[in-house]
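I have placed the structure first, in the form of structure tokens, so that the comments after it can refer back to it.
Residue numbers (the working numbering), protein chains in the order written: chain A, 34 to 117; chain B, 16 to 138.
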């Protein structure tokens with residue numbers, strides 16, 4: 034099955050451009066939580082910026098929640114505002 | 016009563032004994048104002064993503080709270096007055112999980128997800 038090797042959920046930072054579905058939707062998807070830095074850090078760039086939806090493949094409603102969680106985590110110094 | 020999660024960040028220089036005292040003190044503030052503490056978590060000394068008040072590392076404490084807003088407001092007022100507290104934040108939550116939250120959990124969502132993905136591949 035070619036599709037499973039293209040699954041973005043198996044990669045840590047690297048995202049394929051043509052993903053198969055939203056990585057945060059579905060029954061097996063993790064819950065978006067501002068405390069879950071390991072999860073959130075998969076959706077920010079190396080410089081700490083939030084990655085666009087077209088790269089991560091996250092659906093619109095989950096992306097809005099994700100953005101909110103990342104910004105909350107930033108206030109608590111769990112994630113950086115920027116690299117420098 | 017509404018549920019809240021309050022996280023406060025305590026500066027590194029204090030001892031662990033003091034940290035317990037501080038936590039107990041703030042918990043008492045909340046209880047005295049009619050709230051209840053559902054859970055207390057010490058995340059320990061963590062690296063900050065950026066310096067706060069010239070500190071690069073600090074202690075994180077999470078309180079799971081079931082309390083009226085007035086009690087949380089009083090707690091926040093006192094947190095703001097304390098010089099040992101670098102930063103705090105209260106978040107209203109729909110439910111409080113009994114399980115340790117992500118920074119403490121050994122099997123965090125990423126690991127679980129990876130395990131599930133492996134399983135799917137095996138199937």
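Note that beta-carbon positions come from the ideal geometry of N, C-alpha and C, so glycine has one too. Predicted model only: the values in this text are computed from it and were never measured.
Integer Cβ distance of residue i from residue j, believed to fall under 8 angstroms
{"i": "residue 74 of chain B", "j": "residue 59 of chain B", "result": "7 angstroms"}
{"i": "residue 84 of chain B", "j": "residue 110 of chain A", "result": "With a Cβ gap of about 26 angstroms, residue 84 of chain B and residue 110 of chain A do not count as contacting."}
{"i": "residue 10 of chain B", "j": "residue 25 of chain B", "result": "Here chain B has residues from 16 to 138 only, and residue 10 of chain B is not among them."}
{"i": "residue 57 of chain A", "j": "residue 102 of chain A", "result": "Rounded, the Cβ-Cβ distance is 10 angstroms, inconsistent with contact."}
{"i": "residue 65 of chain A", "j": "residue 95 of chain A", "result": "7 angstroms"}
{"i": "residue 45 of chain B", "j": "residue 82 of chain B", "result": "6 angstroms"}
{"i": "residue 48 of chain B", "j": "residue 86 of chain B", "result": "4 angstroms"}
{"i": "residue 29 of chain B", "j": "residue 103 of chain B", "result": "That pair is no contact at about 15 angstroms."}
{"i": "residue 140 of chain B", "j": "residue 116 of chain B", "result": "The first residue shown for chain B is 16 and the last is 138, placing residue 140 of chain B beyond what the model contains."}
{"i": "residue 101 of chain B", "j": "residue 68 of chain B", "result": "5 angstroms"}
Residue i: contacting residues in chain B (beta-carbon distance under 8 angstroms)
{"i": "residue 76 of chain A", "result": "Residues of chain B passing the Cβ test: none, with the nearest at roughly 12 angstroms."}
{"i": "residue 108 of chain A", "result": "102, 104"}
Partners in chain B for residue i, counting only beta-carbon separations shorter than 9 angstroms
{"i": "residue 79 of chain A", "result": "Within 9 angstroms Cβ-Cβ: nothing; residue 79 of chain A doesn't reach chain B, min ~14 angstroms."}
{"i": "residue 105 of chain A", "result": "104, 106"}
Close Cβ partners of residue i (< 7 angstroms) along its chain, the five nearest in sequence each way excluded
{"i": "residue 83 of chain A", "result": "76, 77, 100, 103"}
{"i": "residue 34 of chain B", "result": "25, 74"}
{"i": "residue 16 of chain B", "result": "81, 82, 83"}
{"i": "residue 98 of chain A", "result": "65"}
{"i": "residue 57 of chain B", "result": "76"}
{"i": "residue 55 of chain A", "result": "90, 91, 92, 95"}
Contacts of residue i in chain B (Cβ-Cβ under 7 angstroms)
{"i": "residue 112 of chain A", "result": "64"}
Beta-carbon proximity list for residue i, same chain, < 6 angstroms, skipping 5 on both sides
{"i": "residue 54 of chain B", "result": "79"}
{"i": "residue 107 of chain A", "result": "114"}
{"i": "residue 86 of chain A", "result": "96"}
Same chain only: Cβ atoms within 8 angstroms of residue i, ignoring 5 sequence neighbours per side
{"i": "residue 8 of chain B", "result": "Nothing about residue 8 of chain B can be reported from this structure: the residues present for chain B run from 16 to 138 only."}
{"i": "residue 42 of chain B", "result": "52, 55, 78"}
{"i": "residue 62 of chain B", "result": "71, 72"}
{"i": "residue 24 of chain A", "result": "It is not possible to answer for residue 24 of chain A, since the shown part of chain A is limited to 34 through 117."}
CB contact below 8 angstroms: residue i versus chain D
{"i": "residue 93 of chain A", "result": "Protein chains in the displayed structure are A and B, and chain D is not among them."}
Practice task
Taking only beta carbons into account, state which residues of the segment 83-103 of chain B come closer than 8 angstroms to chain A, listed in chain order.
Solution key: 102
Handout entry: Residues from the segment 56-80 of chain B in contact with chain A, defined by Cβ distance under 7 angstroms
Key = 63, 64, 65, 67
Handout entry: the segment 23-38 of chain B: positions lying closer than 9 angstroms to chain A by Cβ
Key = From the segment 23-38 of chain B, only 24 have a Cβ closer than 9 angstroms to chain A.
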